[in-house]
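S.K.:
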Amino acid sequence: MSNELLSPAEMAEADRLTIAAGPFDGIGLMRRAGEAVAAVVLSRYPQARRVHVLCGPGNNGGDGYVVAGILRDSAVDVLVWASGPPRAGSDAALAVSQCPVKSRPLAGFVAETGSIVVDALYGAGLSKQLAGDAASAVDRATELNLPVVAVDLPSGVCGASGEILGRAFRAEVTVTFARKKPGHLLLPGREMCGEIVLADIGIGDETIAQLEPRTFENLPALWLGHVPVPALDAHKYKRGHVGVFSGAPSATGAARLSALAAARSGAGAVTVLSPANAMQVNAAHLTSIMLRKADTVADIHGFVGERRPSAFVLGPGFGVGEKVREFALAVLGAGRQGAAGGIDGLVLDADGITAFRDAPNLLFEAARRPNAPALVLTPHEGEFARLFPDIAGDKTLSKLARARAAAERANAVIVYKGADTVMAAPDGRAAINGNGAPWLATAGSGDVLAGIIAGLLAQGMPAFEAACAAVWIHAEAGSRFGPGLIAEDLPLALVPVLRELVGRRNGVAR
258 MSNELLSPAE
268 MAEADRLTIA
278 AGPFDGIGLM
288 RRAGEAVAAV
298 VLSRYPQARR
308 VHVLCGPGNN
318 GGDGYVVAGI
328 LRDSAVDVLV
338 WASGPPRAGS
348 DAALAVSQCP
358 VKSRPLAGFV
368 AETGSIVVDA
378 LYGAGLSKQL
388 AGDAASAVDR
398 ATELNLPVVA
408 VDLPSGVCGA
418 SGEILGRAFR
428 AEVTVTFARK
438 KPGHLLLPGR
448 EMCGEIVLAD
458 IGIGDETIAQ
468 LEPRTFENLP
478 ALWLGHVPVP
488 ALDAHKYKRG
498 HVGVFSGAPS
508 ATGAARLSAL
518 AAARSGAGAV
528 TVLSPANAMQ
538 VNAAHLTSIM
548 LRKADTVADI
558 HGFVGERRPS
568 AFVLGPGFGV
578 GEKVREFALA
588 VLGAGRQGAA
598 GGIDGLVLDA
608 DGITAFRDAP
618 NLLFEAARRP
628 NAPALVLTPH
638 EGEFARLFPD
648 IAGDKTLSKL
658 ARARAAAERA
668 NAVIVYKGAD
678 TVMAAPDGRA
688 AINGNGAPWL
698 ATAGSGDVLA
708 GIIAGLLAQG
718 MPAFEAACAA
728 VWIHAEAGSR
738 FGPGLIAEDL
748 PLALVPVLRE
758 LVGRRNGVAR
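Each residue of the sequence shown is one higher than the one before, counting from 258 in the numbering used here.
#1: Does the contact criterion of 3 or more C-beta pairs under 8 Å hold for the segment 674 to 693 versus the segment 717 to 736?
#2: When the Cα atoms are used, what is the spatial distance from Asn628 to Gly559?
#3: Using the Cα positions of Leu644 and Leu263, report the straight-line distance between them to the nearest angstrom.
#4: Once the 5 residues before and after Val577 are set aside, which same chain residues still bring their CB inside 7 Å of it?
#5: Just the Cα atoms here: how many angstroms apart are Arg767 and Ala526?
#6: Spell out the partners DSSP gives Ala526 in its beta bridges.
#7: For the beta strand (DSSP E) containing Ser536, list its first residue and its last residue.
#8: First and last residue of the alpha helix (DSSP H) that includes Asp320?
#9: Note down, one range per segment and in chain order, each alpha helix (DSSP H) of at least 4 residues found wholly within the segment 692 to 757.
#10: Could you check whether Asp334 and Val374 sit closer than 9 Å to each other, using their CB atoms as the reference points?
#11: Give the secondary structure of Ala596 by DSSP, where H, G and I count as helix, E and B as strand, and everything else as coil.
#12: Just curious, the alpha helix (DSSP H) that Phe784 is in, first and last residue?
#13: Would you identify the three-state DSSP class for Thr635, choosing helix, strand or coil?
#14: Mark Thr653 as exposed unless 16 or more other C-beta atoms lie within 10 angstroms of its C-beta, in which case mark it buried.
#15: Starting from Leu603 and walking both ways along the beta strand (DSSP E), at which residues does that stretch end?
#16: With respect to 8 Å, is the separation between the Cβ of Glu369 and the closest non-hydrogen atom of the ligand GDP below this value?
#17: Under a Cβ-count criterion, where at least 16 other Cβ atoms within 10 Å of its own Cβ denotes burial, should Arg774 be classed as buried or exposed?
#18: I'd like the span of the alpha helix (DSSP H) that includes Pro470, first residue to last.
#19: What is the residue span of the beta strand (DSSP E) that Arg361 lies within?
#20: Is it true that the segment 741 to 752 meets the segment 520 to 539, where meeting means three or more beta-carbon pairs spaced less than 8 Å apart?
#21: Got a sec? Which residues, its chain only, sit under 7 Å from Asp282 by beta carbon, not counting five neighbours each side?
#22: Less than 9 Å between the beta carbons of Cys415 and Ser259, yes or no?
#23: Counting Cβ pairs closer than 8 Å, one from the segment 478 to 487 and one from the segment 285 to 297, do we hit at least three?
#24: Only counting the same chain, and skipping five residues up and downstream in sequence, which positions put a Cβ closer than 7 Å to that of Leu589?
#25: What's the gap between the Cα of Gly739 and the Cα of Leu479?
#26: Just to confirm my understanding: we take Asp606, look at its own chain, exclude 5 residues before and 5 after, and list those with CB closer than 6 Å. What are they?
#27: With 16 as the cutoff for other CB atoms within 10 Å, does Ile546 come out buried or exposed?
#28: For Ala568, which beta-bridge partners are listed by DSSP?
#29: With DSSP run on the structure shown, which of helix, strand or coil describes Cys450?
#30: For Ala508, which of Ala551, Phe575, Ala744 has the nearest alpha-carbon?
#31: At which residues does the alpha helix (DSSP H) containing Val672 begin and terminate?
#32: Looking at the structure shown, is Arg246 part of a helix, part of a strand, or coil, going by DSSP?
#33: Under the rule that 16 or more other beta-carbon atoms within 10 Å means buried, what is Ile743, buried or exposed?
#34: Between the Cα of Asp320 and those of Ser354, Pro303, Tyr302, Ala305, spot the shortest distance and give me the residue it belongs to.
Put into structure tokens, the structure is as follows:
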């Protein structure tokens with residue numbers, strides 16, 4: 258599976274393991290990396306007046322010297338600008354000795370309109386602020402609006418977190434090797450990478466597997482095998498039953514959006530659980546979605562006992578206070594009984610998250626009880642900070658690390674929303690979503706996402722995989738719909754995406 262993401266440290270270990278196993282030595286991997294970058298430069302920028310290759314003192318710079326040599330041999334006008342000499346005896350030093358282009362000090366870097374820059378300064382391993390001559394080079398390239406091809410990662414972007422370390426190159430193309438890094442997908446680094454080209458330089462899948470990666474790009478390969486496909490003898494309750502809690506008469510729309518999304522995502526039955534005073538409002542808008550009164554915990558127990566729901570959504574439009582806490586704890590206390598019935602999961606969103614800000618441990622302890630249903634929390638940035646204020650306030654942690662810490666503490670799957678949504682499981686697995694669409698920044702979009710997660714949970718999908726699949730499907734539907742999207746459009750927009758996924762799951766060509 259090629260959707261693993263490697264931290265800079267894991268990538269260094271993959272290099273080491275590959276060199277130890279052969280047949281490639283360090284300079285051999287460096288040559289293959291340089292060849293991959295040079296091929297991109299030659300194919301994308303055949304009319305470039307000149308190529309300026311900026312080389313750092315490490316292996317990233319060594320790749321740059323290989324690039325410069327290949328471009329010179331291809332009759333390209335090349336200048337090399339070096340920030341400092343490589344360590345004596347290193348692979349980068351060997352690359353310098355074999356490069357036919359004599360380097361100039363980076364402090365003197367000048368360029369002209371019509372040229373391009375190959376950024377081979379620091380790549381993914383940078384851990385401190387970009388400063389001095391390197392920062393000045395970024396400024397010059399930016400002022401001239403020069404196209405930049407970045408080697409591994411634009412210099413100034415942290416490979417582990419996506420953080421901008423002072424300043425960074427904004428690349429048109431980034432060529433990386435073997436696997437992407439978290440910094441390619443996490444904001445703001447993702448915006449600096451441009452198009453990402455993943456090059457094979459001889460680091461095999463079996464080598465990556467030895468690292469046992471726990472971070473992934475959220476692509477269908479991660480969860481496609483769990484996508485539910487109805488059996489021939491399926492009936493509506495075999496396909497799962499979702500209960501969605503509604504708010505008061507003036508706040509019922511969010512629950513209906515979640516309910517419709519759960520139904521569109523494949524749940525065989527969906528019931529809106531409504532306060533008595535909102536029954537008429539909900540009834541006027543529901544057709545295929547069932548409706549039931551739920552004002553008390555006893556009402557919930559009655560629904561669970563009679564209708565055997567598989568998953569719940571609580572929070573959208575519900576309001577905050579003691580009632581939402583009581584309902585959440587009642588669902589989590591109902592138990593998970595597998596094939597014998599019971600609840601597979603609770604998706605807690607919006608007001609459901611905020612309601613626990615003063616008593617988060619009540620929620621976390623309930624999620625840790627034996628046989629508790631899976632808990633999925635879907636906070637945006639503000640809601641995350643309400644439930645996990647210390648984690649949110651720790652500026653040393655990346656978004657990926659914050660999501661992991663929250664998932665472990667809450668014993669829940671965390672869907673940490675944003676343009677770079679991160680999903681994290683209590684067991685340490687995490688995925689970063691890369692197909693986010695700006696059209697999803699509309700009221701009600703998150704309610705739809707909560708419904709999709711619940712719909713997949715109700716059909717037996719494991720919680721982490723259900724969350725990852727829902728985020729990808731939701732974003733893909735939004736991207737395909739495009740401008741003019743409102744939340745009401747999303748449930749129906751899911752249909753072609755789901756059709757294609759089920760076809761792939763069944764081995765049918767798209």
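Even for Gly, the Cβ is constructed at its ideal location relative to N, Cα and C.
Quantities reported herein were computed from a predicted structural model and do not represent experimental measurements.
M.R.: For this structure:
#1: yes
#2: Each residue's alpha carbon lies about 20 Å from the other.
#3: The C-alpha of Leu263 is placed about 29 Å away from the C-alpha of Leu644.
#4: Asp608, Thr611, Ala612
#5: In this prediction, Arg767 scores a pLDDT of 43, lower than 50, which makes its location untrustworthy; the coordinate-derived value is nonetheless stated afterwards. Each residue's Cα considered, the two are about 28 Å apart.
#6: His498
#7: With the sequence shown as reference, residue 536 is identified as Met, and Ser is not the correct amino acid for it. Met536 -> not in any beta strand (DSSP E); alpha helix (DSSP H) instead, spanning 536 to 540.
#8: 316 to 330
#9: Entirely contained in the segment 692 to 757, the alpha helix (DSSP H) runs reaching 4 residues are, in chain order, 702 to 715, 720 to 738.
#10: no
#11: Unreliable positioning characterises Ala596 in this predicted model, as indicated by a pLDDT of 41, which lies under 50. A coordinate reading is not provided.
#12: Nothing can be reported for residue 784, as the shown portion of the chain is limited to 258 through 767.
#13: coil
#14: exposed
#15: 602 to 605
#16: The model depicted lacks the ligand GDP and carries no ligand whatsoever.
#17: Lying before the first or after the last residue shown, residue 774 is absent from the chain, which here runs from 258 to 767.
#18: Looking at the DSSP string, Pro470 is not in any alpha helix (DSSP H), and its letter there is neither H nor E.
#19: 360 to 362
#20: yes
#21: Ile276
#22: In this structure, Ser259 does not lie closer than 9 Å to Cys415 by Cβ.
#23: no
#24: Leu603, Ala623, Ala624, Ala629, Pro630, Leu632
#25: Rounded to whole angstroms, Gly739 to Leu479 spans 25 Å at the Cα level.
#26: Gly572, Pro573, Thr635, Ala707
#27: buried
#28: Val499, Gly602
#29: helix
#30: Phe575
#31: Not the alpha helix (DSSP H): Val672 falls in the beta strand (DSSP E), residues 670 to 673.
#32: Given a span of 258 to 767 for the chain in the structure shown, any question on residue 246 remains unanswerable.
#33: exposed
#34: Ser354
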